[in-house]
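For the sequence shown, counting from 1, position 32 maps to 170 in my numbering; every step adds exactly one.
Cβ coordinates follow ideal geometry from the N, Cα and C atoms, glycine included.
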Amino acid sequence: MELGRQYSLEHFDCPLDVRVQASDAVGDQILMEGNAAVGLGCVYAGATVAAWYPITPSTSVAEAFDMYCHKLRVDKETGKRSSR
Numbered sequence: 139m140e141l142g143r144q145y146s147l148e149h150f151d152c153p154l155d156v157r158v159q160a161s162d163a164v165g166d167q168i169l170m171e172g173n174a175a176v177g178l179g180c181v182y183a184g185a186t187v188a189a190w191y192p193i194t195p196s197t198s199v200a201e202a203f204d205m206y207c208h209k210l211r212v213d214k215e216t217g218k219r220s221s222r
């Protein structure tokens with residue numbers, strides 16, 4: 139990392155003239171990471187159970203599924219959100 143920092147200091151004018159501006163470029167669309175979209179799709183498809191081997195590239199799918207279940211699923215009788 140230090141080597142990259144040194145290279146940058148030697149070859150670029152610092153600070154860099156880079157600015158970030160908030161934008162609503164996606165309009166009425168939803169922009170999300172792919173595995174989060176899969177997790178959300180599982181909820182909308184009616185999945186009720188998720189099983190996975192942790193610490194794999196698909197772990198974030200199960201984490202997103204859990205998060206969206208908790209946010210979006212409500213017990214019709216009690217009005218409570220699904221438990222974790």
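Test item: CB-CB of residue i and residue j under 8 Å
i      : j      : result
VAL176 : VAL199 : yes
ALA183 : PHE203 : no
Separation of residue j from residue i, as counted between CA atoms
i      : j      : result
LEU178 : GLY172 : 10 Å
MET139 : LEU154 : 18 Å
GLU201 : SER220 : 14 Å
LEU210 : CYS180 : 12 Å
Sequence-distant residues of the same chain with beta carbon closer than 7 Å to residue i, five excluded per side
i      : result
ALA166 : Rather than Ala, the amino acid found at residue 166 in this sequence is Asp. Closer than 7 Å at Cβ, skipping near neighbours: no residue.
CYS207 : VAL181 and SER220
Beta-carbon contacts of residue i that lie in its chain and below 8 Å, excluding the five residues immediately before and after
i      : result
ALA185 : PHE203
Same chain only: Cβ atoms within 6 Å of residue i, ignoring 5 sequence neighbours per side
i      : result
ALA174 : ALA202
Three-state class that DSSP yields for residue i in the structure shown
i      : result
ARG143 : helix
If we require 4 or more residues per run, which alpha helix (DSSP H) segments fall completely within the stretch 153-209?
172-183
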